[in-house]
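Working notes, beginning with the structure itself.
In this note's numbering, the protein residues as written are 23 to 409.
If you want it as structure tokens, here you go:
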């Protein structure tokens, strides 16, 4: 009998199953379960965004289109960034992708080859190191610190991890799953490291608007220059409740325009026009909905932190950004087993910390995006099980 796994490229056959998806598959059929394992709210995409897609389809926009993204969307992205960050952006730096995940894949495939190293802070979202491994590279984990009830990036450890094989530093701020945020001063340090060593910075800034200190989280786009080695990755999924739409974008040097077009062409051949029309409306008319989402997330963070602290076993570090709480439970060393048990005993779905790489074991990730009522019910179920 053929051993199919051994007929594959080695790094592909060795890819682990997503620890998050495993829990989703285990609990998805539990009646009445409250799913807090994935990074999405329980709100549907706003009607005015969906209406734009429907109108586009009815107008016959169901053909191939611009590989870099329709001009209207690329201009809307430039205008959105100009409003958010208070500086001018040109559309030639923006490229539309088939999800934030594809943005990561394209970025990694552009700069990482066999044997190259990419520094990745951990715990972190597992899809980024997986993309590095798929490209033949090696993710180098650098632990985050959790001191005095706060998760932070260890910039000295990141600098120490740079070797001649290092091609990039992958950062996610505000971070998934910890909620850690890089300050402007931190980003300046990373910029100088990039310039000194000639390494790329791949910046996943998906949660930049979910910043609980007020305003917008510090961004690489505010401290890096257009000619720096920087790729910024983002998605429409989180801000406008569009996780199922699978549309993202990359901010890259305009000199890479043809490269970005090629990478899209040779993977998906472009993003559907009707999806892009909806994204234009999200950028131009979605600020009220996004503001409501951010306000809810701030209230939800406080509710969840206060609720879980009722258990004398929980170790809680309130996140500075994103919409996740990454909390520990004293006496629990197997987060996968604990997450499975909570599905059965509390009928609440959380993601195991072990899914987020080194330093994640012993923790659970809870997504607090969405309605307050759902989260209140989840806390009521969790507290007895955690005690």
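Yeah, the Cβ is synthetic: ideal placement off N, Cα and C, and Gly gets one too.
For residue i, the first and last residue of its enclosing alpha helix (DSSP H)
i           : result
residue 92  : Taken as a continuous stretch (DSSP letters only), residue 92 belongs to no alpha helix (DSSP H), as it is neither H nor E.
residue 238 : Where residue 238 is concerned, there is no enclosing alpha helix (DSSP H), given that its DSSP letter is neither H nor E.
residue 48  : 41-49
residue 153 : 149-156
residue 71  : 69-80
residue 397 : 394-408
residue 180 : 177-182
residue 284 : 279-287
residue 203 : From DSSP, residue 203 is part of no alpha helix (DSSP H); its letter is neither H nor E.
residue 361 : 357-367
residue 33  : 32-35
For residue i, the first and last residue of its enclosing beta strand (DSSP E)
i           : result
residue 270 : 270-273
residue 297 : Per DSSP, residue 297 belongs to no beta strand (DSSP E); it is in the alpha helix (DSSP H), 295-307.
residue 350 : 346-351
residue 125 : That residue, residue 125, is in no beta strand (DSSP E); its alpha helix (DSSP H) goes 122-133.
residue 225 : 222-226
residue 212 : Run containing residue 212: none in the beta strand (DSSP E); it sits in the alpha helix (DSSP H), 206-219.
residue 338 : Residue 338 -> no beta strand (DSSP E), and no H or E assigned at all.
residue 139 : 139-144
residue 24  : No beta strand (DSSP E) holds residue 24; DSSP gives it neither H nor E.
residue 165 : 160-165
residue 246 : Neither: residue 246 is in no beta strand (DSSP E) and is coded neither H nor E.
Straight-line gap, residue i to residue j (C-alpha atoms, nearest Å)
i           : j           : result
residue 112 : residue 100 : 6 Å
residue 357 : residue 274 : 38 Å
residue 122 : residue 392 : 20 Å
residue 200 : residue 367 : 25 Å
residue 242 : residue 303 : 25 Å
residue 189 : residue 182 : 14 Å
residue 405 : residue 49  : 19 Å
residue 155 : residue 135 : 9 Å
residue 233 : residue 133 : 30 Å
residue 313 : residue 394 : 15 Å
residue 38  : residue 401 : 31 Å
residue 72  : residue 265 : 13 Å
residue 27  : residue 36  : 9 Å
residue 47  : residue 53  : 13 Å
residue 340 : residue 147 : 18 Å
residue 237 : residue 229 : 12 Å
residue 317 : residue 80  : 35 Å
8 Å contact criterion, which residue i and residue j should meet: CB distance rounded
i           : j           : result
residue 342 : residue 145 : That pair is no contact at about 15 Å.
residue 388 : residue 372 : 5 Å
residue 386 : residue 375 : 6 Å
residue 408 : residue 333 : 4 Å
residue 45  : residue 365 : 7 Å
residue 345 : residue 68  : The pair is not a contact, with the Cβ atoms about 18 Å apart (cut-off 8 Å).
residue 34  : residue 285 : 19 Å between Cβ atoms; not a contact.
residue 180 : residue 219 : Going by Cβ atoms, the distance from residue 180 to residue 219 rounds to 11 Å, so no, they are not a contact pair.
Whether residue i touches residue j by CB criterion (7 Å)
i           : j           : result
residue 239 : residue 63  : no
residue 283 : residue 90  : yes
residue 152 : residue 130 : no
residue 166 : residue 202 : yes
residue 271 : residue 118 : yes
residue 164 : residue 209 : no
residue 41  : residue 377 : yes
residue 126 : residue 150 : yes
residue 194 : residue 169 : no
residue 115 : residue 320 : no
residue 269 : residue 289 : no
residue 305 : residue 102 : yes
residue 347 : residue 326 : yes
residue 329 : residue 355 : no
residue 253 : residue 224 : yes
Pick from the options that is closest to residue i, judged by C-alpha positions
i           : options            : result
residue 191 : 299, 305, 202, 161 : 161
residue 222 : 121, 228, 212, 230 : 212
residue 399 : 44, 48, 55         : 55
residue 295 : 47, 24, 93         : 93
residue 322 : 26, 25, 58, 43     : 58
residue 43  : 362, 395, 394      : 362
residue 174 : 198, 184, 157      : 198
residue 335 : 326, 324, 349, 108 : 349
residue 172 : 344, 338, 158, 364 : 338
residue 18  : 215, 229, 311, 53  : Because the chain spans 23 through 409 in this model, residue 18 falls outside it and cannot be assessed.
residue 261 : 297, 315, 288, 218 : 315
residue 231 : 257, 82, 220, 248  : 257
residue 84  : 218, 178, 313, 299 : 299
residue 51  : 88, 369, 328       : 369
residue 87  : 253, 291, 184      : 291
residue 187 : 331, 139, 382      : 139
residue 176 : 142, 309, 148      : 142
residue 217 : 179, 247, 23       : 247
residue 120 : 24, 301, 23, 309   : 301
residue 124 : 259, 318, 390, 324 : 259
Proximity test, residue i beta-carbon vs the ligand ZN heavy atom, cut-off 6 Å
i           : result
residue 123 : This structure does not include the ligand ZN; it has no bound ligands of any sort.
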